Structure formats: C-alpha cells, structure tokens
Amino acid sequence: MQIIFFWFLLLAILSSYHLVESSTFLQAKPGCQTKCGNISIPYPFGIGDDCFINPSVVGGHSGYDINCNTSYDPPKPFIRKGSLEILSISETEIRIRNDRIASLCYDESGSPVPGATFRDLNLVGSVFTISYTKNSFYGIGCEIIARIEWGSSGGRQPITSTNSSCEPKCKSRENLMEGSCTGTNGCCQTTFPKNLQNVSVEVLGRLPANGLISSLNSCNFAYLAEQGQYPSQESELLPDGGLHAELRSLETSTQTIQLSREDSIMNMQFALERDLYSVPFMSYHSSISTSDDSAHNSLQQSVALGRGNPR
Numbered sequence: 011m012q013i014i015f016f017w018f019l020l021l022a023i024l025s026s027y028h029l030v031e032s033s034t035f036l037q038a039k040p041g042c043q044t045k046c047g048n049i050s051i052p053y054p055f056g057i058g059d060d061c062f063i064n065p066s067v068v069g070g071h072s073g074y075d076i077n078c079n080t081s082y083d084p085p086k087p088f089i090r091k092g093s094l095e096i097l098s099i100s101e102t103e104i105r106i107r108n109d110r111i112a113s114l115c116y117d118e119s120g121s122p123v124p125g126a127t128f129r130d131l132n133l134v135g136s137v138f139t140i141s142y143t144k145n146s147f148y149g150i151g152c153e154i155i156a157r158i159e160w161g162s163s164g165g166r167q168p169i170t171s172t173n174s175s176c177e178p179k180c181k182s183r184e185n186l187m188e189g190s191c192t193g194t195n196g197c198c199q200t201t202f203p204k205n206l207q208n209v210s211v212e213v214l215g216r217l218p219a220n221g222l223i224s225s226l227n228s229c230n231f232a233y234l235a236e237q238g239q240y241p242s243q244e245s246e247l248l249p250d251g252g253l254h255a256e257l258r259s260l261e262t263s264t265q266t267i268q269l270s271r272e273d274s275i276m277n278m279q280f281a282l283e284r285d286l287y288s289v290p291f292m293s294y295h296s297s298i299s300t301s302d303d304s305a306h307n308s309l310q311q312s313v314a315l316g317r318g319n320p321r
C-alpha cells in the first residue's frame, strides 16, 4: 500500500503599512538579510533579531519571525515558531507549505490502513485566524463522514465540541468527481464560522455496500480549501492530482493569507486573512478589498489569523 504524504501552501495577503509606499514593500529592514535561498523576505517579516516587526506592536502575536534553514540547498525559509515553509512573499500574499489533511485508506482486502484520520490546525497565539468567506470544508470519498471541529484555545483538540460535517456518497463510477461537488459524486462540502484559530478535521468511514471503495478509490479525505477547489475527476485523487484551498488572515485593516498544499496526491491552497492591530506609530490599510466577512474563519481553505475588525 503506497504511503501518501500531503503538503499545503499558505498564501497570505498582506496589507502594506500606511507609512510605507507600495513600491518599497518588498524590501527587508535596513541592515537585515534580504533573502533566504531564492525567497525575498520583506518587512514586517524578517530573519534575525530586530529584523521583523516587534510582537508587542501586534498584540504579542507571532508570525513574522522567519527562520532561514541553511541545511537545504538552496536554503529554505520557515515561520520560526512552526514547520510552515514559506514559498513566496509578495505585497498581497505569502505562500507556505504544510500538511493538514485527514485521510482514511483501505488495502486491497478492504481493511483500514493506519493513517492520519484526524488532523488539527492550531493558530492560537499567532496573528492569524481562518477566513470563512474564502474557504470551504470538503469531504472526498465514498460512504464516509467528513467532520470539522473548532475551538478557541490551545491544545491538540479544540476545547469546544462545536462541529460541522458532510457525507459524500457514490452512486456510480460514471458520476464520480464529475467536475462538481454535489454530495452524491464522491465530494461533499460545508461551511464553518468566522474567527477560528483552532480547528481539527477528521474522516470517518465504512465500506460501502456497493463496493465502490475498492473499484474506484481506496482513499478518502477531509480538508479545508478554497471554495470551488476540489478534484474534478477521479484521477485527481491519485498522485499528481491537484487541489487548492485558501486561508485568510486579519489585521486592523484585514489582509488575506492563502494556504495551499502540494503533495503526491493533491495540491491545496488556503487563503488566510490577517487582522492587524493598530499600532501607536503606524497604521495599516488593506491592499485588497473584501466584501465578505473576512473575520469569519474557515478551516476549509481559509484561515484568518489574529484579531481585528472583519471586513
């Protein structure tokens, strides 16, 4: 049985400082390292002491301190307090690699294969929250229950038992993943509330009576992703397929972060909306207009971090 690994990318849409011109955004703080490998690291992000914005300015929250890991060739940048690999930073977004997809697979005899049926995403203490307007929660598979649960405090599992779920059905091989997510073609989706920082996704399954699990696909998934981003056909559930999810972050004037995950089976992109706090010596403005309730976090594919006024 092939072991499958997932990674998703986090794309954050950043608002520029009111006192910093757009043309100068993509610059590191004077005297600080400008790049990590091939990735530019602009302020308010930074590598090393005094090169990133002081957490006290943003309510003591983390997320700007970048660790440049030189054990890779070329070096790779990571958010220091975590394993999120940064793929790019622009004036409007930051792309980060990570793994937050729950999976349930079966072997040829129909027996469950040990795996990560439960995954959590804990952003408590960071400047990010999950955006509910840009993302959705998806369940991919046959005769399973895909569930998302959320809470407001730290720890592996959310404190609250609030959850939402969906159950994808598979009527026949012909309509499996036919370019839509109807709930009867191996794909289901549901929404989640705003202002989430601690979320878990889980996939629960059973062998369907029609035996489609062995004839169609042996793996099932539960994850958050950008709305409308789900496999369009059966082959996309296999290696080299792709999926995108969006996460958003919040700041005084909202910003958006996208998380996308790329892997041997699927690519996912999350957009996070960032909510920055007003600071004594500078103010923020959003470089992106969002008519939707940005503060509404959605683990499905939108993660908004931090606090602030939702757009």
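Be aware that the sequence shown starts at 11, since it is given in the numbering used here, and climbs by one per residue.
Here a beta-carbon is modelled for each residue, glycine too, at the ideal position from N, C-alpha and C.
As the structure is a computational prediction, the values presented were derived from the model and not from experiment.
Contact between A235 and Y148 holds, since their C-beta atoms are separated by about 6 Å, short of 8 Å.
For P87, the secondary structure class from DSSP, reduced to helix, strand or coil, is strand. The C-beta separation of I63 from I76 comes to about 11 Å, leaving the pair out of contact by the 8 Å criterion.
Looking at the DSSP output, Q43 bridges to nothing.
P122 carries a strand assignment under DSSP once its states are collapsed to helix, strand and coil. DSSP links D59 through a beta bridge to no other residue. The C-beta separation of G151 from G215 comes to about 7 Å, placing the pair in contact by the 8 Å criterion. The beta carbons of Y116 and P122 sit about 6 Å from each other, so the pair counts as a contact at 8 Å. The Cβ-Cβ distance between G56 and Y82 does not fall below 8 Å. Taking 8 Å as the cut-off, the Cβ atoms of Q237 and L133 do not count as close. With 16 or more other Cβ atoms inside 10 Å of its own Cβ, S146 counts as buried. Under the DSSP assignment, G149 falls in the beta strand (DSSP E) whose first and last residues are N145 to I150.
In this structure, E177 lies away from A112, with their beta-carbon atoms at least 8 Å apart. Secondary structure note for S113: its beta strand (DSSP E) is the uninterrupted segment A112 to Y116. Cβ-Cβ separation between Y142 and K204: approximately 5 Å, consistent with a contact (criterion under 8 Å).
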